[in-house]
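Okay, structure first, notes after.
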Ligand code: BGC
Ligand code: BGC
């Protein structure tokens, strides 16, 4: 080293290398996967403008943003959802991923590149996706009462959902429906706290864990226990939809009941990793849950130690009293963290900003809300994996998933009556008549929240109808005939008649019914089939107990099949004895309509009021 100029150049070069290395390491802390989540949250929050914070709090509806994808970037929108029946066209896994990735690219083009989180109501499988496997609605899983089964269903639902790009599932519903006139009775696992707490926690574990890994695992989705709290405790006639409704109504429970009956499932959910919880549309003591600071902040966040985020229900702020600025202030101050606006997001953003500027919402509350949302986004690995991994799309609707749905459908069946050794059915019977609109109707089998918000009538998706499964189950010489309206007049009596009857699909308040009698058409059909069959089995497809006292008396055997989903071979496997019946009633079954109003927790249940008690299981010899 005799040349000083050469030495000087070498030093400059080495210094340059060091600075470059430093620059590379100077990725912001929040972008470094190895940093602790809380450090990443604090770093990111410290960089955000008020507008960017407001964006994170805003959840918009897919249909509202679809034509204005650039708004996600410019407004820094933090979340988009598909409401019931909001799917891309064509409704394929690839189109879902394209749709969500397009939204995500807009979010990633924003200044701080904060990924958005996309949510759907996958309440019994990825219901909105054509071709996804559809599991029994929760009422059936409550009848099966099998935590391991529910965990496996959560696992498959997470996989089929995540494969389409969705990160977030608004499930499980862990309310305790107390009045079966409610159109959401089937979304509940049952009427008892312990049952709901156990199965809700199991489902959450299924969604949020894979092989001992948590949300950081790529094939998990974020679950959302809902609707906090007392959604099933509303009283008939108190609904905003009118005196002939119950949905979103006034819940009636004491502080003691709150803690003993309705809160334990949330406690179990928090213990088992709940990171987002949806607030109920209902009210308590004349105040909407969305403005109950005591319940949201004091009980759920402080007492139960919930450190995830609270999301509002669909447009629920609109139902609060006051100006639009009052509404958002009440909700945020009560403890809401993300608002499912869902459509008029420009107005919402304006109102939220005005409320903050005029100090109606403290800055600290906004920071807390955003901190909670970001925390979960980091936990989910969204910053590392914002775009869809399409490698599991071929698994959607695969045989193993269908087998699981079939197993669940079979395990959910409850025998209400079995006389004359009707069950298990004889697969060598000479002749079988099958009747009823629900026999050949995947839409009825699946119920609400399937393809469309309200479900569909007919066979519009892949799956196996009860009729198809029956045909597959009987032996070759058996003559099986089907008539939707049960018209077998002039024909000989069949050895076995099977009436498959029940409710048309519905969701939310569309399913509120003052009258839970079986329809006249179904009643007549059952009577006609009685005449034409030696042994009569009635299979009831319904989202709740209905008034069936006369029909139970008339039939030789009666099975409650609830809303079994897309794979009815699971139903026939059990009807024909290939697998055992094991379901028990998750809801008390009232005898007549007047007791549907009275069957209430704590009220004496007598033979006069109750047709079948909670936990009932009819006997079938094997
Ligand atoms: C329902 C929620 C659902 C949301 C989004 C609301 O009307 O009450 O259960 O998650 O819509 O579809
Ligand atoms: C949406 C549902 C939502 C309902 C509530 C519908 O338009 O599709 O997801 O639950 O509105 O009002």
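Residue numbers (my numbering): 46 to 667. Every residue, glycine too, gets a C-beta built ideally from N, C-alpha and C. Given the structure is predicted, the values throughout are model-derived calculations rather than measurements.
What did DSSP end up calling residue i once you bin it into helix, strand or coil?
| i | result |
| --- | --- |
| residue 114 | coil |
| residue 400 | helix |
| residue 76 | helix |
| residue 600 | coil |
| residue 329 | strand |
| residue 593 | coil |
| residue 538 | coil |
| residue 202 | helix |
| residue 524 | strand |
| residue 607 | strand |
| residue 585 | strand |
| residue 386 | coil |
| residue 393 | helix |
| residue 295 | strand |
| residue 219 | coil |
| residue 548 | coil |
| residue 355 | strand |
| residue 13 | Absent from the structure is residue 13, since the part of the chain shown begins at 46 and ends at 667. |
| residue 460 | strand |
| residue 366 | coil |
| residue 473 | coil |
| residue 580 | strand |
Does residue i pass the burial test, meaning 16 or more other C-beta atoms within 10 Å, or should it be called exposed?
| i | result |
| --- | --- |
| residue 164 | buried |
| residue 190 | buried |
| residue 95 | exposed |
| residue 316 | exposed |
| residue 346 | buried |
| residue 112 | exposed |
| residue 407 | exposed |
| residue 465 | exposed |
Compute every distance between the C-beta of residue i and the non-hydrogen atoms of ligand 1, then say whether any falls below 7 Å.
| i | result |
| --- | --- |
| residue 553 | yes |
| residue 126 | yes |
| residue 171 | no |
| residue 502 | no |
| residue 383 | no |
| residue 271 | yes |
| residue 227 | no |
| residue 268 | no |
| residue 213 | no |
| residue 166 | yes |
| residue 359 | yes |
| residue 175 | no |
| residue 323 | yes |
| residue 556 | no |
| residue 527 | no |
| residue 129 | yes |
Who are the Cβ neighbours of residue i in its own chain at under 7 Å, not counting the five residues just before and after it?
| i | result |
| --- | --- |
| residue 432 | 146 and 149 |
| residue 649 | none |
| residue 144 | 133 |
| residue 616 | 454, 455, 458, 511, 514, 606 and 609 |
| residue 252 | 199, 202, 203, 214, 265, 266 and 268 |
| residue 558 | 226 |
Given residue i, which residues of its chain have a CB within under 8 Å of its CB, disregarding the five upstream and five downstream residues?
| i | result |
| --- | --- |
| residue 560 | 638 |
| residue 671 | The requested residue 671 is not part of the displayed model; the chain covers only 46 to 667. |
| residue 575 | 542, 581, 599 and 600 |
| residue 139 | 435 and 438 |
Residues in the same chain with beta-carbon distance under 6 Å from residue i, minus the five sequence neighbours each way, listed in chain order, please.
| i | result |
| --- | --- |
| residue 484 | 511, 512 and 545 |
| residue 326 | 293, 358 and 361 |
| residue 622 | 469 |
* Report the residue ranges of all alpha helix (DSSP H) runs contained in full by the region 122–189; include only those spanning at least 4 residues, in chain order. => 138–153 and 183–189
* Tell me the start and end of each unbroken alpha helix (DSSP H) in the region 630–659 that is at least 4 residues and wholly inside, in chain order. => 638–641
* Asked: For the region 400–446, which segments carrying the alpha helix (DSSP H) assignment without a break, of at least 4 residues, lie completely within its bounds, in sequence order?
  -> 408–424
* **Completely contained beta strand (DSSP E) runs for the region 476–510, where each covers 3 or more residues** => 476–480
* Counting only runs that start and end within the region 235–275, where is the alpha helix (DSSP H) found for 4 or more residues in a row? -> 238–253
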